[in-house]
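Here is the structure we will look at, set down as structure tokens.
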Amino acid sequence: MSAQDDVVRIDFAFKRELARKIEGNLANYCYQCGACVGDCPAARYSDVFNPREIMLKVLYGLEEELLGEDSVLWECTNCYSCHERCPQQVKPVEVIISLKNMLADRGGEPGVASKIIRTFQTTGRTVPPSPAIDRQRERFGLAPLKPVPMDEIRAILGLEAEADAREERQP
Amino acid sequence: MKRVAFFPGCLIPARHPAMEFAIRATLPRLGVELVDLDGASCCPDPIYFKSRDKLDWLTVAARNLTLAEDLGLDVVTNCSGCTATLSEAVHLLGDGELRERVNSRLARIGREYRGTSRVRHIATVVRDDVGADAVRESVVRPLQGLKIAVHYGCHLLKPSRVMQVDDPDDPHLMESLVAALGAEPVRHRNWFLCCGKACQGEDIPAAMMRDLLSTVHDEHADILGMICPTCFGQFDHGQKRVGEMFGEDFHTPPVYYFQLLAFAQGAAYDELGFERQRFKPECLRAYQEA
């Protein structure tokens, strides 16, 4: 909020969108006690990452600060200490992951994440199988990696429907 | 023999097969039969995949859980990431509405999540179903005098309401498993810190790993023992980078617990794949020669 603002304007559209994500609505229980900060390793090692501030911005619905260019969300260590400490069961880490879902919906996901997800969508694994790894496994007397039934994965993720829709859109 | 559905995940079978070898070599000797889960996919990973779409993440996890339900067995994981995803999925799917949403997707492939299998990390299985005494009895090469700093990582313990493994502020699981090898478990001052793998920037994980490694070093630990392949990657590959960044050489070899167990049960040092590590636990060789 800028200094000129006398009134806090809450962006309810943002908050409703966040609430549709699994456990995205939990920030509403946050009373800003800061218990999450004391145990947060990212807060200990960074001047910009602070889970209490992130929850405050969620309460106001400050989309630009949360999902904008300099978003700090991806500095979260995902250690779950805030989840452990929160007396209100806000699960700040889960709210942060829900915010990352919104970031992904807006195309703001980091490249490393897109790459790993593409690997999963083609192989069903996040580390792809290869002849080299199977040779290494053989050295330890381990069977080659089994293929993942990708038809099942694509069906439950709705990837087939997406591909069909793309085809229909083709002239 | 206790039968469990073995969920190896991605990192261990596809990047660290030595760890899988060690698990398959040690668990049957402790009375645990590992039944392979045909058709399992990535758990999926709790950092990147979950950050794209939580409902997709939960659906893929639920599918994996149904594979174990078909066998009527509990799921046993060997990676803290898989443990986190699958345990969290069981917890979330306790909610009727969410379970219905997920099951409507699973119905497309004729599957249904029922919630009949528990999820447990192998370290927990060894503590609860095997017991430290049986581990100690299986050891033919006690690691007397070896100081093993304990690294729990995050997702074995937290969130404790979901994981229900140990007290996250004062855990004893790994200390008891390390002591069962005849080694001396060392809890260093920064034992509770995270490996930082999930952070996109380099600064936070580097500073955190430096602090962690320096307190391990202060305790004169020979090895950093752990139960998660992601933490392992950070402390092996990452330790080299941290050393370069800060101009310090902590030289603390990280070792996955079940490789230590395999070694203590008599596997040869050269069988265990340590040559692929950047920081090799050469200190173990003395026990082989003894």
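Residue numbers (the working numbering), protein chains in the order written: chain W, 1 to 171; chain E, 1 to 290. Note that CB positions come from ideal geometry on N, CA and C, so glycine has one too. This one's a predicted model, so the numbers in the text were calculated from it and none came from an experiment.
Hey, how far is the Cα of residue i from the Cα of residue j?
i, j, result
"valine 119 of chain E", "threonine 77 of chain E", "7 Å"
"asparagine 50 of chain W", "glutamate 75 of chain W", "10 Å"
"glutamate 248 of chain E", "glutamate 33 of chain E", "44 Å"
"alanine 43 of chain W", "valine 37 of chain W", "6 Å"
"glutamate 20 of chain E", "glycine 24 of chain W", "36 Å"
"alanine 14 of chain E", "aspartate 95 of chain E", "34 Å"
"tyrosine 102 of chain E", "threonine 122 of chain W", "Tyrosine is not the amino acid found at residue 102 of chain E; the sequence shown has valine there. Their Cα atoms are separated by approximately 22 Å."
"valine 93 of chain W", "arginine 52 of chain W", "11 Å"
"methionine 208 of chain E", "cysteine 43 of chain E", "27 Å"
"cysteine 82 of chain E", "proline 46 of chain E", "8 Å"
"cysteine 358 of chain E", "arginine 63 of chain E", "A question about residue 358 of chain E goes unanswered here, because the residues of chain E that appear run from 1 up to 290."
"arginine 99 of chain E", "glutamate 282 of chain E", "49 Å"
"leucine 145 of chain W", "leucine 62 of chain W", "46 Å"
"alanine 286 of chain E", "leucine 143 of chain E", "10 Å"
"glutamate 112 of chain E", "aspartate 211 of chain E", "46 Å"
Could you check which residue in the options has the C-alpha nearest to that of residue i?
i, options, result
"isoleucine 223 of chain E", "E:Val255, E:Lys240, E:Cys194 and E:Ala61", "E:Val255"
"arginine 24 of chain E", "E:Gln259, E:Ser138 and E:Arg278", "E:Gln259"
"glycine 266 of chain E", "E:Gly110, E:Cys283, E:Asp218 and E:Gln288", "E:Gln288"
"tyrosine 152 of chain E", "E:Ala134, E:Ala286, E:Phe235 and E:Thr59", "E:Phe235"
"proline 28 of chain E", "E:Ile47, E:Val130 and E:Phe279", "E:Val130"
"isoleucine 116 of chain W", "W:Ala35, W:Ser130 and W:Thr126", "W:Thr126"
"isoleucine 227 of chain E", "E:Val162, E:Tyr257, E:Lys240 and E:Leu212", "E:Tyr257"
"tyrosine 90 of chain W", "W:Ala35, W:Glu138, W:Asp151 and W:Ile156", "Checking the sequence shown, residue 90 of chain W turns out to be valine, not tyrosine. Among W:Ala35, W:Glu138, W:Asp151 and W:Ile156, the Cα nearest to that of valine 90 of chain W is on W:Ala35."
"aspartate 74 of chain E", "E:Phe232, E:Leu37 and E:Ala221", "E:Leu37"
"alanine 68 of chain E", "E:Ser104, E:Ala198, E:Asn190 and E:Val90", "E:Val90"
"lysine 54 of chain E", "W:Ser130, W:Val112 and W:Ala104", "W:Ala104"
"serine 104 of chain E", "W:Phe14, W:Leu157 and W:Leu26", "W:Leu157"
Determine the extent of the alpha helix (DSSP H) in which residue i is found, giving its start and end residues.
i, result
"glycine 38 of chain W", "35-38"
"methionine 19 of chain E", "17-26"
"glycine 225 of chain E", "Looking at the DSSP string, glycine 225 of chain E is not in any alpha helix (DSSP H); the run it does join, the beta strand (DSSP E), is 223-226."
"proline 254 of chain E", "Careful: proline 254 of chain E lies outside any alpha helix (DSSP H), inside the beta strand (DSSP E) at 254-256."
How would you write the range of the beta strand (DSSP E) that residue i sits in, first residue to last?
i, result
"valine 76 of chain E", "75-77"
"isoleucine 148 of chain E", "147-151"
"leucine 106 of chain E", "Where leucine 106 of chain E is concerned, there is no enclosing beta strand (DSSP E), although the alpha helix (DSSP H) it sits in stretches over 96-106."
"histidine 121 of chain E", "119-121"
"phenylalanine 185 of chain E", "In the sequence under discussion, the amino acid at residue 185 of chain E is proline, which differs from the phenylalanine named in the question. Note, proline 185 of chain E: beta strand (DSSP E), 184-186."
Run through DSSP, which three-state label would residue i get?
i, result
"glutamate 275 of chain E", "helix"
"valine 130 of chain E", "helix"
"valine 48 of chain W", "coil"
"alanine 68 of chain E", "helix"
"arginine 3 of chain E", "strand"
"glycine 139 of chain E", "The amino acid at residue 139 of chain E is misidentified as glycine; the sequence shows valine. Coil, per DSSP."
"leucine 145 of chain W", "coil"
"valine 93 of chain W", "helix"
What do you reckon, are the CB atoms on residue i and residue j nearer than 8 Å?
i, j, result
"proline 185 of chain E", "alanine 179 of chain E", "yes"
"proline 334 of chain E", "leucine 157 of chain E", "Because chain E in this structure spans residues 1 to 290, residue 334 of chain E falls outside the shown range and cannot be described."
"tyrosine 80 of chain W", "proline 229 of chain E", "no"
"alanine 268 of chain E", "phenylalanine 140 of chain W", "no"
"valine 139 of chain E", "valine 126 of chain E", "no"
"arginine 187 of chain E", "valine 150 of chain E", "yes"
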